[in-house]
Every structure is written in structure tokens, then in C-alpha cells.
Amino acid sequence: METQTSKGLYVAEVTTVGGRNGHAQSSDDLLNVHLAFPKEIGGNGGATNPEQLFAAGFSACFGQSLSFVASQRKLPVDVKNVSVTAQVHLLQIEGGYGLAADLFIRVPGVNRDVAEELVEATKTVCAYSNSTRGNVRTTYQIVED
Numbered sequence: 014m015e016t017q018t019s020k021g022l023y024v025a026e027v028t029t030v031g032g033r034n035g036h037a038q039s040s041d042d043l044l045n046v047h048l049a050f051p052k053e054i055g056g057n058g059g060a061t062n063p064e065q066l067f068a069a070g071f072s073a074c075f076g077q078s079l080s081f082v083a084s085q086r087k088l089p090v091d092v093k094n095v096s097v098t099a100q101v102h103l104l105q106i107e108g109g110y111g112l113a114a115d116l117f118i119r120v121p122g123v124n125r126d127v128a129e130e131l132v133e134a135t136k137t138v139c140a141y142s143n144s145t146r147g148n149v150r151t152t153y154q155i156v157e158d
């Protein structure tokens with residue numbers, strides 16, 4: 014979806030049949046997974062779930078975006094060494110369900126102050142951070158070696 018201030022770059026297309034106990038497949042067949050309710054919420058587990066897929070996307074996007082921001086600032090940060098762990102929480106809220114996310118970010122090669130500056134700047138670059146802002150409670154925590 015393009016607006017006056019945005020330009021479409023890529024469209025990911027995934028079809029899911031059977032909801033949370035179903036199957037998801039991308040149009041290019043690179044994603045082809047069974048889905049299952051987690052045991053923690055009464056399901057059988059044994060397969061991935063929407064929260065894990067969201068966590069994978071958020072952590073990958075944030076890590077790549079952080080590396081981009083670092084390169085713009087000519088800082089010695091290698092994306093291969095940046096680690097982002099995303100915990101995505103399924104919440105019961107009034108009238109339905111919601112999500113919350115906690116990101117734990119490790120940026121080797123820079124001190125904590127620089128890492129904090131990079132994380133703050135990355136929040137405005139990462140597509141997931143921009144899309145969830147104001148909708149999904151998200152925390153960002155620097156993890157030191």
C-alpha cells in the first residue's frame with residue numbers, strides 16, 4: 014500500500030488455511046509451515062505459531078535496520094554479529110487479544126552509549142518498529158557481552 018509519503022518496495026504473500034491449527038504457505042513456497050496452538054494456551058504444540066513468526070520477522074528486521082543505521086554512521090557493526098531476541102507475548106485484552114514485544118539487542122564492537130543511540134535511531138528505521146508504534150507495547154533492551 015503506497016501513500017503520498019511512501020513507496021512500495023516488496024509484497025510478501027502468505028495464505029493460511031485452518032487458522033492457528035492450520036498451514037501457512039508463501040506464494041513462492043519458501044515459507045511452508047504447519048501451525049499449532051502452543052501448549053501454554055491449551056494446544057498440542059509441535060509446530061510454529063503466529064507469535065513465533067512475528068518474533069522472527071521483528072528480530073530480523075530490527076537487526077538488519079540497526080546494521081544499516083550503524084553503516085550510515087560509519088560505525089564498525091557487522092550484521093553477522095548483531096543479535097536480536099524478540100519475545101512476543103499474546104495478551105488477552107478487553108474484547109479480544111493483543112500483542113506485546115520485548116527486544117533484547119546485542120551489538121558487539123561498540124560501547125553501551127553508542128549501542129543505545131543506535132537502538133533509538135533504529136526504532137525510526139525498522140519497518141516493524143514503525144508499524145507497531147502506538148499499537149503494540151514494545152520494549153528495547155541492550156544486552157552486553
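Going by our numbering, the sequence shown opens with residue 14, and the numbers climb by one from there.
Quick reminder that beta carbons are idealized off the backbone N, C-alpha and C, glycines included.
Source: prediction; values computed, not measured.
Compare the Cα-Cα distances from T145 to each of N45, L116, G21 and I54 and report the closest residue.
For T145, the nearest C-alpha among the options comes from L116.
I'd like the ranges of any beta strand (DSSP E) spanning at least 3 consecutive residues and lying wholly in the segment 95-131.
Fully contained in the segment 95-131 are the following beta strand (DSSP E) runs of length 3 or more, in chain order: 96-106 and 109-119.
Per DSSP, S78 forms a beta bridge with which residues?
According to DSSP, which records beta bridges pairwise, S78 is partnered with nothing at all.
Residue range of the alpha helix (DSSP H) that T145 falls in?
Counted as a single uninterrupted DSSP element, the alpha helix (DSSP H) harbouring T145 occupies residues A140 to T145.
Selection from T61, L43, A69 and G122 that minimises the alpha carbon distance to D91
Comparing Cα positions, the closest option is G122.
C-alpha gap between R119 and S96, whole angstroms:
So the two alpha carbons sit approximately 5 angstroms from each other.
If you compare alpha carbons, which of V27, F81 and K93 is closest to V138?
Nearest C-alpha to V138: F81.
Let me make sure I understand the geometry here. Which of S40, Q85 and G58 has the alpha-carbon closest to that of A12?
Outside the shown range of the chain (14 to 158) lies residue 12, about which nothing can therefore be said.
Would you give the residue range spanned by the beta strand (DSSP E) that T151 belongs to?
Where T151 is concerned, the enclosing beta strand (DSSP E) stretches over R150 to I155.
Leaving out five residues before and five after N143 in sequence, what residues of the same chain have Cβ atoms less than 6 angstroms from its Cβ?
The beta carbon of N143 is closer than 6 angstroms to none in its chain, skipping five residues each way along the sequence.
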